[in-house]
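Line by line, the protein sequences are chains S and V.
For what it's worth, the numbering used here labels the leading residue of the first sequence as 362, then goes sequentially.
For what it's worth, the numbering used here labels the leading residue of the second sequence as 1052, then goes sequentially.
Heads up, the beta-carbon is just placed ideally off N, CA and C, and yes, glycines get one too.
Being a predicted model, the structure only gives us computed values, none of them experimental.
Read the structure below first, then the notes.
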Amino acid sequence: DAGVTQSPTHLIKTRGQQVTLRCSPISGHKSVSWYQQVLGQGPQFIFQYYEKEERGRGNFPDRFSARQFPNYSSELNVNALLLGDSALYLCASSLNTEAFFGQGTRLTVV
Amino acid sequence: QKEVEQDPGPLSVPEGAIVSLNCTYSNSAFQYFMWYRQYSRKGPELLMYTYSSGNKEDGRFTAQVDKSSKYISLFIRDSQPSDSATYLCAMLRAGGTSYGKLTFGQGTILTVHP
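Shown next, in the form of structure tokens:
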């Protein structure tokens, strides 16, 4: 079985631009969560979606948004990029309480 | 004060040593406890998952939870150079709108020398 897949793996954007990150969960998993991991820190929760509905939102500005599609895949959008948005963005899918992560998208804002 | 505290290390041990990694937490609502291993520039990999207080063993790994002390541990026996990675503890509240929101520690960097 394929694990959680994220695309792209690396991305370089300029300040002020917008970015869309994509995630495909493990087959059968209906919950997708997004996390931001800054170098040297643990992942920080951004969003959780379950059955296409937002179930939770972390302490991130409104520049961050997400959605989940009928096939349970998900997109994370970040507008008006700041240098501080440079990080590894992780997607996790879960069936119950165990969460499985993708390899992440490394976003660099210059 | 952070909800989950984890010593970032770094921790350096010789091959074959027993490694002890620890986290403390302040929120009694945490009911599920996980340990993830993260290699450089990769996503976290789930190692151990526990719910109740006590020990859970899987091969060379033992996870220990003490809810009364709000303290969790991961022990690695016969450590190998391939165990060199960052180890993250993570916790989850039970049910409700918090379902699915993991709260992570900072991560401990472990190096096992041959």
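Rounded to whole angstroms, Leu444 (chain S) and Val470 (chain S) show a C-alpha spacing of 5 Å.
Put simply, the backbone Cα of Phe1155 (chain V) is about 10 Å away from that of Tyr1087 (chain V).
Between Phe461 (chain S) and Val439 (chain S), the gap from beta carbon to beta carbon reaches 8 Å or more. Along the region 396-418 of chain S, going in chain order, the ones with a CB nearer than 8 Å to a CB of chain V are Tyr396, Gly401, Gln402, Gly403, Pro404, Gln405, Phe406, Gln409, Tyr411, Arg416, Gly417. For His390 (chain S), there is no enclosing beta strand (DSSP E), since its DSSP letter is neither H nor E. Among the CB atoms of chain V, one or more fall inside 8 Å of the CB of Leu451 (chain S).
DSSP, reduced to helix, strand and coil, places Asp1134 (chain V) within a helical segment of the structure shown. Flagged as an interface residue toward chain V: Thr458 (chain S), by a C-beta distance shorter than 8 Å. Less than 8 Å separates the beta-carbon of Ser434 (chain S) from that of Pro386 (chain S). Residues of chain S whose Cβ lies closer than 9 Å to the Cβ of Phe1155 (chain V) are, in chain order, Tyr396, Gln398, Gln402, Gly403, Pro404, Gln405, Phe406. At least one beta carbon of chain V lies nearer than 8 Å to the beta carbon of Gln464 (chain S). Partner residues in the beta bridge of Val439 (chain S), as assigned by DSSP, are S:Val380, S:Phe425. In terms of beta-carbon proximity, Tyr1138 (chain V) stays away from the interface with chain S, with every pair separated by 8 Å or more. Ranked by Cα distance from Ser368 (chain S), the options S:Glu436, S:Ser455, S:Thr458, S:Leu442 are led by S:Glu436. In terms of Cα proximity to Leu382 (chain S), the closest of S:Gly419, S:Pro431, S:Cys452 is S:Cys452. Within the same chain, and ignoring the five residues on either side of Glu412 (chain S) in sequence, the residues whose Cβ sits closer than 6 Å to its Cβ are Lys391. By the CB criterion at 8 Å, Thr1137 (chain V) and Thr1159 (chain V) fall inside the cutoff.
Apart from the 5 residues on each side of it in sequence, Lys1118 (chain V) sits with its Cβ closer than 7 Å to the Cβ of Ser1104 in its chain, given in chain order. Note on the region 1073-1115 of chain V: whole beta strand (DSSP E) runs with a minimum of 3 residues are 1081-1089, 1096-1101, 1105-1109, in chain order. In this structure, DSSP gives Leu372 (chain S) an extended state, which the three-state scheme calls strand.
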